[in-house]
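One structure is given below, encoded as structure tokens.
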Amino acid sequence: MATDRRTDIGPPHYERFLPPIIKANYGKWKYHEILKPGVMVHVGESGDKLFTVRAGSPRLMGTKRIRKFAELADKYCGGHLRFTSRHNCEFLLTDQANIDPLIAELAELGHPVGGIGAAISSIVHTQGWVHCHSAATDASGVVKCVMDDLIEYFDGTKKLPGKLRIALACCLNMCGAVHCSDIAILGVHRRPPKVQHENMKKLCEIPNVVASCPTAAIRPAEVNGMPSVEIDEELCMFCANCFSVCPALPMADALNDGISIWVGGKVSNARSEPKFSKLAIPFIANNPPRWPEVTSAVRKIVEVWAENARNYERLGEFIERIGWPKFFELTEIEFTKQHIDDYKYAGLSFKRSAQLRH
Amino acid sequence: MATDRRTDIGPPHYERFLPPIIKANYGKWKYHEILKPGVMVHVGESGDKLFTVRAGSPRLMGTKRIRKFAELADKYCGGHLRFTSRHNCEFLLTDQANIDPLIAELAELGHPVGGIGAAISSIVHTQGWVHCHSAATDASGVVKCVMDDLIEYFDGTKKLPGKLRIALACCLNMCGAVHCSDIAILGVHRRPPKVQHENMKKLCEIPNVVASCPTAAIRPAEVNGMPSVEIDEELCMFCANCFSVCPALPMADALNDGISIWVGGKVSNARSEPKFSKLAIPFIANNPPRWPEVTSAVRKIVEVWAENARNYERLGEFIERIGWPKFFELTEIEFTKQHIDDYKYAGLSFKRSAQLRH
Amino acid sequence: MADSQRSTPMLDELKKGPWPSFVTQIQEMADEGKEACDQLLGLLERSYHEKVGHWKHGGIVGVMGYGGGVIGRYSDLQQEYPAIAHFHTLRVNQPSGWFYTSDALRTVCDIWDRHGSGLTNMHGSTGDIILLGTTTAELEPTFAELTANDFDLGGSGSNVRTPSCCVGPARCEWACYDTLDACYNITMAFQDELHRPAFPYKFKFKFSGCPNDCVASIARSDMSIIGTWRDEIRIDQDEVRNYAKAGMNIERDICGNCPTKCMAWDGNEIEIDDSNCVKCMHCINAMPKALRPGVDTGATVLLGSKAPIVEGAQLSSVIIPFLKMEPPYEGIKDLAERVWDFWGEHGKNRERVGELMQRVGLGNFLEAIEVEPIPEMVAYPRDNPYVFYEEYFEEGDGEEEEEQ
Amino acid sequence: MADSQRSTPMLDELKKGPWPSFVTQIQEMADEGKEACDQLLGLLERSYHEKVGHWKHGGIVGVMGYGGGVIGRYSDLQQEYPAIAHFHTLRVNQPSGWFYTSDALRTVCDIWDRHGSGLTNMHGSTGDIILLGTTTAELEPTFAELTANDFDLGGSGSNVRTPSCCVGPARCEWACYDTLDACYNITMAFQDELHRPAFPYKFKFKFSGCPNDCVASIARSDMSIIGTWRDEIRIDQDEVRNYAKAGMNIERDICGNCPTKCMAWDGNEIEIDDSNCVKCMHCINAMPKALRPGVDTGATVLLGSKAPIVEGAQLSSVIIPFLKMEPPYEGIKDLAERVWDFWGEHGKNRERVGELMQRVGLGNFLEAIEVEPIPEMVAYPRDNPYVFYEEYFEEGDGEEEEEQ
Ligand code: SRM
Ligand code: SRM
Ligand code: SRM
Ligand code: SRM
Ligand code: SF4
Ligand code: SF4
Ligand code: SF4
Ligand code: SF4
Ligand code: SF4
Ligand code: SF4
Ligand code: SF4
Ligand code: SF4
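Residue numbers (my numbering), protein chains in the order written: chain U, 9 to 366; chain Y, 9 to 366; chain R, 246 to 649; chain L, 246 to 649.
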């Protein structure tokens, strides 16, 4: 469909933004070394050296701060920088002498440098109360608190056995794709949708609403004369799929929304295959502004792993070696019936052998 | 509920049948050694020695042959013998000198001695055409042919890396519990039940029949005036559950019944946890009396394992080490869409990583 | 003689070869004059030609007062094979461990020669002595003679099935509890449940003395009782060295195969971190003279295994990680009864316990049978976020309210 | 100034601590005079007190001719916070690898300062530049200025979502194909599919240069393209020895962590059985100076990952074990189009490709997209006996008949 407007031009071509050293060594890098926390060098077959300084970012940034980053890039990197898949900002230097001054100015601005190698990196997260209608908790706030608390594992003051990838999603839609994270912080609703009968007909298509429920908890019903739905609360598993298709079924509930903690997932193929995160803590009530129960729960898990894991062992690999019973013992997390899967693949999660530690 | 008849007395107490040496060393055995194929000695803390000679059996035995075994037991074992969980007959001797004469007489009778240690043992199997209404193949006949063919792995002429447990079930009910066998031979129907409309009302309860189908392939229907059912053949997965509850839905079909081969299951907790057997060959047509395609298929699998496996490695453990693609390559078995799971847990059987051999 | 009349070219092919032949067995009994066996050969030869069986569903036949123990079977060619028009099977409860004396065997043979085909399975795959083939009229007399000689019928139908056990302490150095006694004790305790179907479906017990699981209990029984220990593996280092001398590659084949890699071999001594040993038995299996299970022994109790019909095959899963196994085995009996109560009330027709556990959810199932959930019961905790939070707060009062 | 009017005691707590604060960011822009940011602080403070969000479902808003790229958002407290009554998001397609020049960044900032809140996410978790918060009226002008400066919108709704890729050959020695070019090429090839929703649901591409999968493609994209190689790992034995000298425990930490144990270290040289190497990257990751991927490189293509709603989360699974990745990437484009054809025809509303694969069965799905089934596609073959044999013989003629 052609219009006289400029459309479908796609993103600007990346080559326009690559620094000369990258153009020169594109696809011809030989190896890299981590020089110090947050700083690494990539060496080309040509012998050229590209230095990367990785700065932590809140991800939610105002144009003012972005312009600041641009200035730093002009001053130290010939105007070149990039962002990472975990939303850190990477300054790309050719002059090693510029590293420390840059780090000093970043510190000035309030941006710690780190997150490379066996460290925690920024927390992949989502919108939360800042912008989404579906959130069961805030995103940026919880992330801020957890990163404040774990900063020493980011800036290299404390060592870790391997990479630590934490992600947060503010509802089960999991925009943070937390399902394969070392530690996942997941906002959960715990109360079935409250049906707004008066809005139902106006805002929603009842057959779609009924069809949207995976557990068939939603039935069409007539409520004081108007077509609406009723919900069998016993069957509700709080997925909010009905709310996604129908605004008249709000799930958010101050008394019951909160956070669950999941552990042991990974994405990389290194050593073990990618894994899903598994339930560690079913529910922690929202406690803004600092969510102390969440930060301490996460810290406890990180510390148990840091103290007991072997080199290179990701959290999930560590747990599989010591066994889940030992994990719950070490972290002092209570094991409940909610930890036992009862969804589609439940049977396969049962312990179907006599191989046990006693 | 008391009657004047003798009921609910249970089996005779086993102690009545234990040889004196067992009574003396009950629970106080120290170790055992395999002396030669089919012969082992158990040594008690007391120093007492109990010799076991294990004889292969067809399992289906006439009283005449059983009496023969009784005679041999009298002659060599003070009248003591037992059967195993795989239906072999074990003669329990205290006098080592009796071993060879016993073996000679058993050979005379046509019973090879073996099956102990890293060997194939008798094939756990079921009734087949000898006694069951549900069979998709014969049981004893196929077992006889496979054991004839693999006899050298039973009597010790040829070595194996570990135990080889083969089982056969003549239909999906799996009375042979083949689902966790190194090699499973499974009778399969491939044609949906042929509805006997005239018998339906007389022999079956239509609601039960409809409910019995896991894929909802059966619908109530009126056929020339009579209440009956009709079957959506597209949905039928040949489980025969409907036939189990309703004789008017025969599944047996000479043109379409046959055998499937499954591999890599195990029951023991040794080394790896118990595993299910996985599909190797979806279908081999029944070819009585000697089922040559089945015996050669099984032999091929056994030989690939015997040649390539490490010490102690069960078939399934071997396959997991080399990978399924390699298994199909070595055995020259064709991989088809039927090998790909499409039932309840299907998703978990997909290769969900980039860890591949190229 | 019977066989002279009949030509069975296909079956004759199965008399050949080194493995003992079931055809020869049927033939032997036909030659003894058992007409039923002769006709069975005829019927079977026909099945071999036609590639289909010739048996019909069995109606309800049995002995007075029992709801199980007999499998009714009728030929669909009654005219041509009248001697096997009825060809019912009796399941006779085997002694623990399948031990016999020659006299006991002869007693069974005498009874069966008088009343049936003379054909048997030693044994059926659940464990019973299978008396293969007789008429309805002979069922009561056979039963009377069996009980008179201290034998009883086993299970069939929707009841407790004949329990079975491995040879255990009678002839195995690894038995972690008395499998024979436990099997006998449980069988006797549940005679009523075994003979009178009152369950939604069948329920099987199997007793293995150690994790080698020689009766395949984890794959084939609704309740699997598998011996284990909770202290240290007993090690005789001299014997370890002897295995090494004899050429065993302890590093590669033993330590290398340890599932938790909790063993170390320094060329002189083997060291085991028992806190990480999962009692898989491998090292003990490989070095019976050098290693033995510990002395603080008991069993792991698992529930739910079954064949695939209809939800897919299942393995039993852990319910009690470690249970001391002493008479009268109250732990086992209580658990079984609590399971049966819940199953009886909520189980659907032809729904096995393993299927029920999955349908209602293991967590709810545990609540119903009053067992605390512990991490030993799972391979891993849930990986999906669909938690059924069972209660929520209502506005106004801050108290919790049970959801109805 | 805006901030002076408003007290935000709870949010102020989030200005404290070493990690950069998003509150400070909003505050900075409020201080720049952005009323929307000031009111956002107010609304957010309120959410912190009440523990609920104050946003409503977004209606359909967007730019002319596009069906995606804008997320409509409205406050449910419009009277109190009029400046954010509308607070829509624009998704701007990022350059491959998230590379920028300072000028490019300033260009985007200038546009956004003129037309929106000045707040952004650098970046959204799909990869876009997120321009966070503006009114319906500003959408077109923003779009016009973006395109005038060579930027375009990314995806939202039931269409191709903005593809993303790892830094790859631009700054990584392990890149097995040109992730930046592949990502750009595919993005340009599917502009129409990206801007005009025509699918049952969203479809995401992610490009990782090697099995480390630095854009999490296997967990977060319907089509995951992960670099790999099929020849030998390149080894520099001198550098291996240097790592050993430097104190690396090669035996335990490298060989011991190799998933297939296909490595051997004799104290002097490392030996790799490449035929059993599954390209996991571990040894290379640990010794970047000593080991490198092979030179016959390409990618593994997988399909189907997604978040849990509603069938449960999925990881992508292998469809093409090894594909050479050269422009114009026909292999990727053909596969995507064949998948979309089938999905478009048979996919239910809001059914992701991964869910479709499971619902129709991977075997049938492969047939539909004309890909041969191979064992590389499964972790293991089926373990249940419920094979859908698709044809059977009829009596009479011996020929096969398709079942209808
Ligand atoms: C910059 C970035 C790619 C990009 O295009 O943005 C990147 C860059 C590198 N990754 Fe990565 N990875 C990046 C996200 C990821 C992700 C994705 C994610 O976290 O969401 C993963 C998968 C995580 C997971 O498995 O859950 C990832 C798993 C790895 C691994 C495997 C680690 C492991 O043992 O499992 C390595 C290898 C290593 O670090 O030894 C690796 C190694 C590297 C190297 C060393 C590659 C190289 O030679 O240049 C790069 C820098 C080192 C480092 O530690 O960060 N990268 N890396 C991403 C930085 C994110 C950040 O700001 O922290
Ligand atoms: C006699 C019998 C028990 C009984 O009460 O009848 C028995 C007896 C012994 N088993 Fe067993 N097992 C017997 C069925 C089983 C079964 C059940 C089955 O096959 O259906 C299993 C599980 C098979 C599986 O995993 O699929 C079984 C798995 C083992 C194992 C583990 C093997 C492995 O590496 O996985 C051992 C240990 C070993 O052999 O090294 C073992 C070891 C033994 C020992 C050595 C135990 C001992 O110290 O006496 C016994 C004789 C050696 C041998 O090789 O047979 N037994 N054993 C059963 C003989 C069946 C037969 O006639 O062949
Ligand atoms: C005789 C025996 C096979 C044999 O030759 O050894 C046998 C024979 C029959 N089994 Fe079985 N089952 C026999 C052990 C098993 C086992 C193995 C075990 O017990 O270890 C299993 C698998 C384990 C399990 O219980 O799941 C087994 C799973 C079935 C099933 C499927 C049950 C399920 O829940 O999936 C059926 C179907 C049914 O119950 O309707 C079944 C049904 C039958 C019936 C009664 C056929 C029917 O549907 O009415 C068969 C009668 C055959 C006949 O005419 O004699 N039989 N059956 C075994 C009993 C002998 C004995 O008492 O010792
Ligand atoms: C902005 C972003 C989160 C963020 O802060 O980064 C986001 C925000 C929303 N996502 Fe998402 N998703 C975002 C990345 C993801 C990801 C991660 C990814 O793409 O790698 C996922 C998981 C991966 C996947 O696709 O499965 C994701 C899975 C969902 C889902 C569940 C889809 C599913 O099939 O399970 C929904 C629900 C829906 O589509 O109705 C969803 C829906 C939404 C909506 C549109 C809410 C809704 O139901 O309308 C959110 C709008 C929030 C707002 O008001 O701004 N979002 N969403 C991400 C997009 C930014 C960008 O374009 O770069
Ligand atoms: S995770 Fe849920 S609440 Fe958070 S941004 Fe995505 S859809 Fe909105
Ligand atoms: S939240 Fe999910 S489970 Fe509950 S009613 Fe809505 S759709 Fe159904
Ligand atoms: S497996 Fe099937 S056919 Fe064979 S005995 Fe059991 S029920 Fe009968
Ligand atoms: S065989 Fe199974 S799937 Fe087919 S109709 Fe009968 S019950 Fe249904
Ligand atoms: S299960 Fe264990 S105790 Fe029982 S016979 Fe087998 S090895 Fe011995
Ligand atoms: S029993 Fe198994 S787990 Fe325990 S030490 Fe021996 S091999 Fe290891
Ligand atoms: S995925 Fe591989 S190639 Fe891409 S950045 Fe990560 S390590 Fe480098
Ligand atoms: S890449 Fe992985 S699998 Fe290959 S040799 Fe290295 S560690 Fe082993």
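Glycine included, each C-beta is placed from N, C-alpha and C at the ideal position.
These figures come from a predicted structure and were not determined experimentally.
Distances from the CB of residue 440(R) to the heavy atoms of ligand 12 are all 6 Å or more. The three-state reading of DSSP puts residue 468(R) in strand, counting E and B together. Counting only runs of 4 or more residues that sit fully inside the region 498-524 of chain L, no alpha helix (DSSP H) segment turns up. If you draw a 10 Å sphere on the C-beta of residue 152(Y), you find 16 or more other C-beta atoms in it, and that means buried.
Annotated as proximal: residue 208(U) and residue 256(U), with beta-carbon spacing under 7 Å.
Burial of residue 96(Y) is indicated by the presence of at least 16 other C-beta atoms within 10 angstroms of its C-beta. Scanning its chain for C-beta atoms nearer than 6 Å, with the 5 sequence neighbours on each side dropped, one finds around residue 576(L) the residues 568, in chain order. Rounded to the nearest angstrom, the Cβ distance from residue 324(U) to residue 359(U) is 17 Å, too far for a contact under 8 Å. If you draw a straight line from the Cα of residue 356(R) to the Cα of residue 390(R), it comes to about 7 Å. Checking the DSSP bridge columns, you'll see residue 48(Y) partnered with 42(Y) and 60(Y).
Here the distance from the Cβ of residue 336(R) to the nearest heavy atom of ligand 3 is below 6 Å. Scanning chain U for C-beta atoms nearer than 8 Å to the C-beta of residue 282(R) yields nothing, as the closest lies near 43 Å away. In the three-state DSSP reduction, residue 439(L) falls in the helix class (H, G or I). Checking the DSSP bridge columns, you'll see residue 300(R) partnered with 320(R).
Closest by C-alpha distance to residue 333(U), out of 523(R), 347(R) and 311(R), is 523(R). Non-local beta-carbon contacts of residue 126(U) in its own chain, meaning distances under 7 Å to residues more than five positions away in sequence, involve 167, 168, 169, 170 and 171 in chain order.
Secondary-structure assignment with DSSP links residue 248(U) through no beta bridge to anything. Contact between the region 382-400 of chain L and the region 359-373 of chain L is present: three or more C-beta pairs spanning the two stretches fall below 8 Å. As the crow flies, the alpha-carbon of residue 150(U) is around 11 Å from that of residue 134(U). Within chain U, the residues whose beta carbon sits less than 8 Å from that of residue 357(L) are 71, listed in sequence order.
In the DSSP assignment, residue 365(R) falls within the unbroken beta strand (DSSP E) covering 364-367. For residue 307(Y), the CB contacts under 8 Å within the same chain, skipping 5 residues up- and downstream, are 157 and 158 in chain order.
With a cut-off of 6 Å, the C-beta of residue 247(Y) is classified as near ligand 8, since at least one heavy atom of the ligand falls inside that distance.
It is roughly 15 Å from the alpha-carbon of residue 259(R) to the alpha-carbon of residue 285(R). Annotation: residue 102(U) to residue 46(U) spans about 16 Å, alpha carbon to alpha carbon. Within the region 120-145 of chain U, the residues whose Cβ lies closer than 7 Å to some Cβ of chain L are 120, 132, 134, 137, 138, 139, 140, 141 and 143, listed in chain order. Around the CB of residue 294(L), fewer than 16 other CB atoms lie within 10 Å, so the residue is classed as exposed. Looking at 73(Y), 187(Y), 58(Y) and 195(Y), the one whose alpha-carbon comes closest to that of residue 85(Y) is 58(Y). Secondary-structure assignment with DSSP links residue 71(Y) through no beta bridge to anything. Across the structure, residue 270(Y) and residue 192(Y) are spaced so that their CA atoms are roughly 5 Å apart. In the assembly as shown, residue 289(L) is a buried residue. Its beta-carbon has 16 or more other beta-carbons within 10 Å.
Between residue 521(R) and chain L, the shortest Cβ-Cβ separation is not below 7 Å.
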